[in-house]
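In what follows, a single structure is set out as structure tokens and then discussed.
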Amino acid sequence: MLSCAMPLLSRAQPLDEPVVWVGAVELPGGMKLEFSVALKKDAGTISIPMQGAKDLPLSDVSVTEKELKFSIKMAGAAWEMSVAEDGKTATGVLKQGGEFKTTLKRLAAGESAVKELKRPQEPKGPFPYETVEVSFENKAAGLTLGGTLSMPKEGKRPYPCVVMVTGSGPQDRDESLMGHRPFLVVADHFTRHGIAVLRYDDRGVGKSTGRFEGATTDEFAEDALAGIEFLKTRNEVDAKRIGIVGHSEGGLIAPICAARSKDVAFIVLLAGTGMSGAELLPIQSKLISMAMGTPADEAELQARESAEIFAIVVSGKSDAEVKDMIRVATIRQLQSDAKTKDLPEDKLNEKADQIVKEGAAQLLAPWFKRFLEMDPRENLKKVTCPVLAVNGEKDLQVPPRENLSRIEKALKDAGNKDVTIMEFPGLNHLFQTCKT
């Protein structure tokens with residue numbers, strides 16, 4: 002009897018000491034997000050080295066011999082994993098605005114989950130330029146932004162300078178993402194070639210004050226313009242040669258700044274958008290779903306359903322009216338879905354209510370609603386300074402074919418003759434070489 006019980010005992014999850022699992026989430030573009038979880042029966046923590054997260058508490062933890070379930074509530078992320086017969090591995094999905102394949106391996110007692118990230122592209126000192134910790138004010142918003150000003154040591158002063166503007170979500174001055182620090186790499190390159198660089202923490206992040214939540218793209222543009230006002234006070238910087246380099250949402254912000262201020266001498270759009278969020282997101286959803294193996298017809302249906310919901314959000318109706326309209330659309334979509342069409346009416350309504358409750362908070366949040374409705378072409382048509390717009394061929398988040406052509410057309414139709422458009426083969430949204 003004892004020998005028969007041993008395999009089961011070896012797989013059981015101890016209640017006193019957490020069991021550590023390591024693995025990765027498969028992301029679009031061939032990228033993987035590596036992480037580890039330490040799980041007890043109904044509690045646990047998660048560490049995501051690429052995002053600088055360590056021992057974050059998990060919610061909704063459930064551990065059995067056959068299943069692992071856990072979530073990060075604040076991120077709307079939930080994992081559902083099936084444990085293999087031998088108890089050494091688990092496979093499943095991360096549900097966060099879609100489903101992403103996840104694999105985990107159980108570590109033996111004493112085995113370390115720490116894995117050193119190799120980032121050979123990150124610059125290492127000593128540097129042939131000067132870096133200064135700085136801060137500047139957005140007086141209208143009543144906040145202070147902390148950042149780093151990199152300046153060449155050689156060459157003729159005053160130097161041309163760029164303000165670097167991050168993509169969506171709260172990010173630090175290096176645009177730290179998945180263990181990468183792209184703005185640090187770019188700033189190093191610029192400064193080594195005689196161009197000063199100001200990069201700063203988003204409001205509410207790092208050494209910047211204020212709140213990130215509730216702010217919109219328009220307000221982030223004011224933060225960038227405050228950076229330009231600050232640079233105009235620096236003797237080392239040529240006030241007539243200050244430009245903005247924006248990545249992703251930063252590429253949406255740069256034209257806003259150039260349209261509002263003649264102090265912007267040039268703009269560089271790194272994977273910037275050429276269409277509204279309501280137009281972009283369904284295309285993005287379809288491409289990412291197909292890259293993850295979803296059949297094209299199913300991905301197309303999901304994109305159409307998303308487009309229908311986004312159109313409701315930007316319809317100009319009140320929030321209450323929007324919620325009612327989304328509920329009606331959701332019920333209709335559920336009724337046409339083979340997985341839910343046969344649900345009893347009460348269950349159908351219950352599921353629709355749950356979907357609306359979970360989705361409405363995000364859909365109607367100030368930033369998201371503004372992103373859906375904002376059409377970058379309105380600002381691009383007002384830009385008269387030189388523009389460089391670049392993208393990666395394999396960018397699934399801001400696909401180049403749809404966006405670069407619209408950016409170019411908006412600028413040239415308005416009479417801007419100093420426009421350069423470039424698409425780099427084999428690069429993703431972060432301008433990294435990738436296969437898919």
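First residue of the sequence shown? That's 2 in the numbering used here, and the numbers climb one at a time after it. Beta carbons are placed, not taken as given, at the ideal position from N, Cα and C, and that holds for glycine. Given the structure is predicted, the values throughout are model-derived calculations rather than measurements.
- A straight-line Cα-Cα distance of about 38 Å links glutamate 220 and alanine 297.
- Under the three-state reduction of DSSP output, alanine 240 falls in the strand class.
- In the three-state reduction of the DSSP assignment, valine 23 falls in the strand class.
- Ranking Ile196, Val26, Val246 by CA distance to the CA of valine 238 puts Ile196 first.
- Here DSSP, grouped into helix, strand and coil, assigns aspartate 61 to strand.
- According to the DSSP assignment, proline 153 belongs to the beta strand (DSSP E) that extends over 144 to 153.
- Each of Glu322, Pro58, His430, Gly77 was checked against the Cα of isoleucine 289, and the nearest Cα belongs to His430.
- The alpha carbon of arginine 305 has as its nearest neighbour, out of Phe101, Ala362, Ser286, the alpha carbon of Ser286.
- Within the same chain, Cβ atoms closer than 6 Å to the Cβ of proline 283 are found at Ala304, Ser307, Ala308, the five residues on either side in sequence being excluded.
- The C-beta of methionine 75 has fewer than 16 other C-beta atoms within 10 Å across all chains shown, which makes the residue exposed.
- In the three-state DSSP reduction, asparagine 380 falls in the helix class (H, G or I).
- When DSSP states are grouped into helix, strand and coil, cysteine 386 belongs to the coil group.
- Here DSSP, grouped into helix, strand and coil, assigns threonine 90 to strand.
- In the structure shown, asparagine 139 falls within a strand segment according to DSSP collapsed to helix, strand and coil.
- In summary, histidine 194 is exposed, with fewer than 16 beta-carbon neighbours lying within 10 Å of its beta-carbon over all protein chains present.
- The alpha carbon of valine 420 has as its nearest neighbour, out of Asn392, Phe369, Ala266, Val388, the alpha carbon of Val388.
- Burial of asparagine 404 is indicated by the presence of at least 16 other C-beta atoms within 10 angstroms of its C-beta.
- Less than 8 Å separates the beta-carbon of alanine 141 from that of glutamate 223.
- The C-beta of arginine 333 has fewer than 16 other C-beta atoms within 10 Å across all chains shown, which makes the residue exposed.
- The alpha-carbon separation between valine 84 and glutamate 27 amounts to approximately 18 Å.
- Under DSSP, lysine 106 shares a beta bridge with Val23, Thr90.
- Contact between alanine 266 and arginine 242 holds, since their C-beta atoms are separated by about 5 Å, short of 8 Å.
- The beta-bridge partner set that DSSP reports for lysine 70 consists of Ser63, Glu81.
- Taken in chain order, no unbroken stretch of beta strand (DSSP E) lies wholly in the region 310 to 351 with a span of 3 residues or more.
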